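In the working numbering, the protein residues as written are 29 to 165.
I have placed the structure first, in the form of structure tokens, so that the comments after it can refer back to it.
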Ligand code: RTP
Ligand code: MG
């Protein structure tokens, strides 16, 4: 099943010089292709569209602040079962609970600064691609 997913390398990944390492893990998966890639800073409106499902939760405002604290790398990745696959490469939300070998498990410690976002369903992927790459919708 060929799919596409929207990936963000969060400001901590950019600040720590981990974007190459993370992109490399994605690129090495057989048959997956990066079809869009951009370094950009996110304004409040874009972030609210992206993380609106979490509005009202205690972590929402600190998450907004963190995601606006520096540039992110936004990517579209396409390929076989790529939605589940990138979530698996990333590991669970809490980096301490994430297995070593996963991106969050290898490089993360605190929940908010967990390095990577990846769409969690086909519906989310289509919605998020429209936010970050409107020309590719
Ligand atoms: P993402 O949306 O970024 O791919 O992460 P996710 O699906 O694994 O986790 P989600 O529940 O959607 O949460 C979005 C992001 O909010 C931050 N967060 N902080 N308790 C906390 O402090 C907390 N919980 C979540 C993380 O950056 C998480 O990835
Ligand atoms: Mg999520």
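C-beta: ideal position from N, C-alpha, C; glycine also.
Note that the structure is a prediction, hence the values are computed from the model and not measured.
Item                                                                               : Value
Pick from 151, 92, 148 that is closest to residue 100, judged by C-alpha positions : 92
Bridge partner(s) assigned by DSSP for residue 145                                 : 36
Secondary structure of residue 121, DSSP reduced to three states                   : coil
Residue 38 burial status per 10 Å Cβ neighbour count (16 or more: buried)          : buried
Cβ neighbour criterion (16 or more within 10 Å) applied to residue 32              : buried
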